[in-house]
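K.L.:
Take this structure, written in structure tokens, and hold onto it; I'll ask about it next.
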Amino acid sequence: SLRRGFQLRNRMPDLEIVPLRGNLDTRIRKLETENLAGVIVAAAGMRRMGWAAKISQFIPVELMLPAVGQGVLGIETRRGDSSVGEAIAFLHDPVTWCEVGAERAFLQRLGGGCQLPIAAYAKKTGEEIAIGGLVGSVDGRAMIRHDMKGPASDFGILGRELADRILAQGGRAILDQVYLGDGRES
10 SLRRGFQLRN RMPDLEIVPL RGNLDTRIRK LETENLAGVI VAAAGMRRMG
60 WAAKISQFIP VELMLPAVGQ GVLGIETRRG DSSVGEAIAF LHDPVTWCEV
110 GAERAFLQRL GGGCQLPIAA YAKKTGEEIA IGGLVGSVDG RAMIRHDMKG
160 PASDFGILGR ELADRILAQG GRAILDQVYL GDGRES
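Set out below in structure tokens:
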């Protein structure tokens, strides 16, 4: 993914990254048939396919931030259908709501989507939430990452403040270059 690629390039600029397309089965097959040293995919997908034993290493969030909302499932219902809402209310997890809310506030403030070099991860512990976020150039040469903590009740404010801090410290210039198409691989 773009997000994984720019974070890897930032840490290991000499690494040759080969973009892989296709489903998980195709990507794992290409690992073997194209003589690649490794492939980075989501562990959740590997587990879902029953391939957990093939995972050789987990990358900690301190080294590579995930996509905003990575691994979170959402349910959409018809507006005004209170019976369905009541029937699925037990699925609501307040901790996840808080964590993803902070991440989404960060992404929204940046004006981002899944095709931009943006990543974030929030973790609620007790009444506090910590969030890390970053913006990077596609080539990995520039990357700005910050982490913040604050009251969990202010998760949206914290996500927006983190985005504002990153924008002010060079994130805006990086995103402007991405929007212009500079820094993309040919």
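Using our numbering, the first residue of the sequence shown is number 10, and each one after it goes up by one.
Cβ atoms here follow ideal geometry from the backbone N, Cα and C, with glycine treated the same way.
Nothing here was measured: the structure is a model prediction, and the numbers come from that model.
Could you give the first and the last residue of the continuous beta strand (DSSP E) run that contains E196?
P.N.:
Nothing can be reported for residue 196: it is not among the residues displayed for the chain, which extend from 10 to 195.
K.L.:
Out of curiosity, what's the CA-to-CA distance linking G179 and I153?
P.N.:
Taking the straight line joining both Cα atoms gives about 7 Å.
K.L.:
Taking C-alpha atoms, which residue in G121, L189, Y188, E112 lies nearest to K158?
P.N.:
It is E112 whose Cα lies nearest to the Cα of K158.
K.L.:
Quick check: the region 101-116 against the region 160-168, are there 3 or more CB pairs under 8 Å?
P.N.:
Yes: the two stretches touch, three or more of their Cβ pairs being nearer than 8 Å.
K.L.:
Going straight from the alpha carbon of R57 to that of D148, what length do you get?
P.N.:
R57 and D148: Cα-Cα distance of roughly 31 Å.
K.L.:
Determine whether the beta carbon atoms of L17 and L24 lie at a separation below 8 Å.
P.N.:
In this structure, L24 lies closer than 8 Å to L17 by Cβ.
K.L.:
So, using beta-carbon positions, are G94 and F115 closer together than 8 Å?
P.N.:
No, these two residues do not count as a Cβ contact at 8 Å.
K.L.:
Residues in its own chain within less than 7 Å of P22 by CB, not counting five upstream and five downstream?
P.N.:
Closer than 7 Å at the Cβ level, and outside the excluded window around P22, lie G149.
K.L.:
Short of 7 Å in beta carbon distance, which residues of its chain neighbour R174, apart from the five on each side in sequence? Order them along the chain.
P.N.:
Taken in chain order, the residues that qualify are H155.
K.L.:
At the level of alpha carbons, what is the spacing between I127 and R38?
P.N.:
Their backbone Cα atoms lie some 28 Å apart in a straight line.
K.L.:
Between the C-alpha atoms of G54 and D185, what's the straight-line distance to the nearest angstrom?
P.N.:
Going from the Cα of G54 to the Cα of D185 covers about 33 Å.
K.L.:
How many angstroms separate the CA atom of G168 from the CA atom of T42?
P.N.:
C-alpha separation (whole angstroms): 42 Å.
K.L.:
Quick one: Cα of W60 to Cα of A177, how far?
P.N.:
Going by the C-alpha atoms only, they are around 43 Å apart.
K.L.:
Less than 8 Å between the CB atoms is what I'm expecting for L125 and V187, so what's the real figure, rounded?
P.N.:
Right, their Cβ atoms sit about 6 Å apart.
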